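See below for the structure under consideration.
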Amino acid sequence: MNNPTANVADTTAIADTLHKAAEGGDWIIHHVMNEPMFANDLTFFGLFPIPITKHVFFLFVVSFLMLLVFPLMARKYKKSLVPSGLQNMFETLIVFVKDDIAKPTIGKGYQTFVPYLLTAFFFILFANFLGLVPYTAAITSNISITATLAVFSFLVTQYGGIKHNGFFGYFKGLIPHGLPAPLLIIMIPIEFIGLFTKPFALAIRLFANMLAGKIVVYALIGLIFATVYMIPLSIFMTVAILLLKVLVSFLQAYIFTMLSGLFIGMAVHQEH
Amino acid sequence: MTLSLLLAFAKASGGEGGGGVLSPDGGLGFWTVVMFVLLLVVLGKFAWKPIISALDEREKKINESLQAAEKAKEEAKKISEENKVIIAKAQEEAQQIIAQSRKFAEDLRAEHKQKADKEAAERLTTAQKDIENLKHQALNDIKDQVANLSVDIASKIIRETLDDVKKKELVNKYISEIQSN
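If you read the sequences in order, they're chains A and B. Taking our numbering, I'd label the letters of the first sequence as residues 49 to 320. Taking our numbering, I'd label the letters of the second sequence as residues 4 to 184.
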C-alpha cells in the first residue's frame, strides 16, 4: 500500500480520514454505525436509555416525510379524483402495493392488511432512498430497525391468522393434516420454530442488503487510498453501485412487503 | 485490509459501544415502535383510508362512465337506425305525393282539354247552323228580289212592246219557268 498522505495531505479532514484508513477498516464502520446526537441521557422512565441517536433522528425524518406527504395527498383527492403531479407517482405505488402485492399474496379479505403493507412499504422505501442522500443515514441498515419491522409483520400475521381461523383453529392449522402421531413430536417444534424464522429472515434480508450496499460504496471509495490513480475507476464504480442501490432500495421495499403479504396470506388461508 | 475490516466490524457489532448496526439497540427499537405505531394510526386514518376509498370511488366512477358511454352509443345507434327508417318512409311518401299530384294535374289538364274541345265543337256546329240559316235566308231573299225584279222588268217590257195576246203567252211561259224552278 502506498502512502497517500504525501500526495493529498492538504486539509486536516482528509488527513484525518486517511489516518483512519491507515488504521484499517474502522472508518467504514464509523460511517455505517449509529452515533449519539442529542438527548444522550434520555431514558424510558429510568428503565432503559432512549437517546436520540443519528438513526433515531433519521427515523424521525422518515416518519415526518411520510406524515407530510400522504395526508396531503389524501386531501387532494377530496378536491378532485383526477391525480396530478407527484400524486401520480405515489398513486402508482399505492395501487401497486394494493393490487399487485396485497391482492395476489393474501387473496380474499386482503383489504384489512393493505394499510399495514402500505405503511411498511413506504417506510422502507423512504428510509432506503433517504439513505442514498449524502450526510444522511440509511436506517434500514440497522438491525434494530429491520427487526422491529419484522416483529410488526409477525404480529400482523398472527393477528390475521387468529382472527380468521380462531385461536385454536389457527395453531392446529399450522400442522399439516393426517400426520401419524409420532411425527407430531418432530413437526410441532419445527412448525413452531417456522413461525419465527420467517420474520427473522425478513429482518436479516433487509438489513444485510442495505448495509452491504453501503459498505461496498465505502470500500470502492477506499480504493483511492491504495493509489490516487484509482480515482477515475473508483468514482465510476461508486456511481454504478449507487445506481444499483436505487434499484435495490425499491426492490427491498417490494420484497419485504411482498413476503409479509405472503406470510399473512399463509396464516389467513391455511388450506394452501 | 479485508481481515481488519471484518475484525473492526465484529468489534462494532459486538455491542461494546452500543452503536453497532448488528447489536440489538433497545432505545432505537423503542423509537421505531413508537414511530411505526404512530405512522400506522395516523396514516391509516388520514391517508390510506381516504386514498383507497377515493381510488375505489374513481374505479367505480370510471366503470359507470364507460357503461353509460356504451349505453349512449347503443342508443344513438338505435336512434340513427330509426331515423333512417323514418327518412326512407318520408321519401317514399314524398314520391307518392308527387306522383299523385302529377296524376291529378294530368287528369285536370285532360279534363280541361276535353271540355274545351267539346265547347269548340259545339260552337262550330252552332256557327255552321247559323251560316246555313243565314245562307238559306239570303238565298230566299235573293229569290224574292230576283222575282220582283224580273216582274218589274217584265212588266216594263210588256207595257212598252207586246200586245195583249203575246203578253199573256209570255206571262204564262215565265210563270211556268219560275214554277219549274
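Cβ atoms here follow ideal geometry from the backbone N, Cα and C, with glycine treated the same way. None of the values given here were measured: they were computed from a predicted structure.
I90 of chain B touches chain A at which residues, Cβ-Cβ below 9 angstroms?
Residues of chain A passing the Cβ test: none, with the nearest at roughly 41 angstroms.
Residue range of the unbroken beta strand (DSSP E) whose run includes P131 of chain A
Neither: P131 of chain A is in no beta strand (DSSP E) and is coded neither H nor E.
The region 97-117 of chain A / the region 34-53 of chain B touching (three or more Cβ pairs under 8 angstroms):
The region 97-117 of chain A makes contact with the region 34-53 of chain B, as at least three CB pairs between them are under 8 angstroms.
Looking at the structure shown, is L101 of chain A part of a helix, part of a strand, or coil, going by DSSP?
In the sequence on display, residue 101 of chain A carries Thr and not Leu. Strand at T101 of chain A.
DSSP three-state assignment for V27 of chain B, whether helix, strand or coil:
The sequence shown places Pro at residue 27 of chain B, not Val. In the three-state reduction of the DSSP assignment, P27 of chain B falls in the coil class.
Can you tell me whether G270 of chain A is buried or exposed? The criterion is at least 16 other CB atoms within 10 Å of its CB, across all chains shown.
Buried.
Taking only beta-carbon positions, decide if L46 of chain B is within less than 8 angstroms of chain A.
With 8 angstroms as the cut-off, L46 of chain B counts as an interface residue toward chain A.
Comparing the C-beta of L69 of chain B with each C-beta of chain A, is any distance below 8 angstroms?
False, the Cβ-Cβ gap to chain A never drops below 8 angstroms.
On the criterion of 16 or more Cβ atoms from any shown chain inside 10 Å, does D28 of chain B qualify as buried, or is it exposed?
Taking every protein chain shown into account, the CB of D28 of chain B has 16 or more other CB atoms within 10 angstroms, so this residue is buried.
Alpha carbon to alpha carbon, how far is I279 of chain A from I272 of chain A?
Between I279 of chain A and I272 of chain A, the alpha-carbon positions lie close to 6 angstroms from each other.
Quick check on the DSSP output: the alpha helix (DSSP H) that includes F298 of chain A runs from which residue to which?
Counted as a single uninterrupted DSSP element, the alpha helix (DSSP H) harbouring F298 of chain A occupies residues I279 to V316.
DSSP-derived helix/strand/coil call for T91 of chain A
Under the three-state reduction of DSSP, T91 of chain A is assigned to strand.
Below 8 angstroms on C-beta distance, what does K64 of chain B contact in chain A?
Result: L129.
Should E60 of chain B be flagged as near chain A, meaning a C-beta pair shorter than 8 angstroms?
Yes - at least one Cβ of chain A is within 8 angstroms of the one on E60 of chain B.
Please list, in chain order, the residues of the region 162-183 of chain A that have any C-beta partner in chain B closer than 7 angstroms.
Answer in chain order: V162, P163, Y164, L166, T167 and F171.
Chain-ordered chain B contacts of V296 of chain A [CB-CB under 7 angstroms]:
In chain order: nothing, as chain B lies at least about 17 angstroms away.
For K48 of chain B, tell me which candidate among A:H79, A:L120, A:V109 and A:P84 has the shortest Cα-Cα distance.
The residue from A:H79, A:L120, A:V109 and A:P84 with its alpha-carbon nearest to that of K48 of chain B is A:L120.
Indicate whether at least one CB of chain A lies closer than 8 angstroms to the CB of G18 of chain B.
Model confidence at G18 of chain B stands at a pLDDT of 37, short of 50, so the residue's coordinates are unreliable and nothing is read from them.
Any idea which residues DSSP pairs F215 of chain A with across the strands?
In the DSSP output, where bridge partners are listed per residue, F215 of chain A has none listed.
Secondary structure of P53 of chain B, DSSP reduced to three states
Helix at P53 of chain B.
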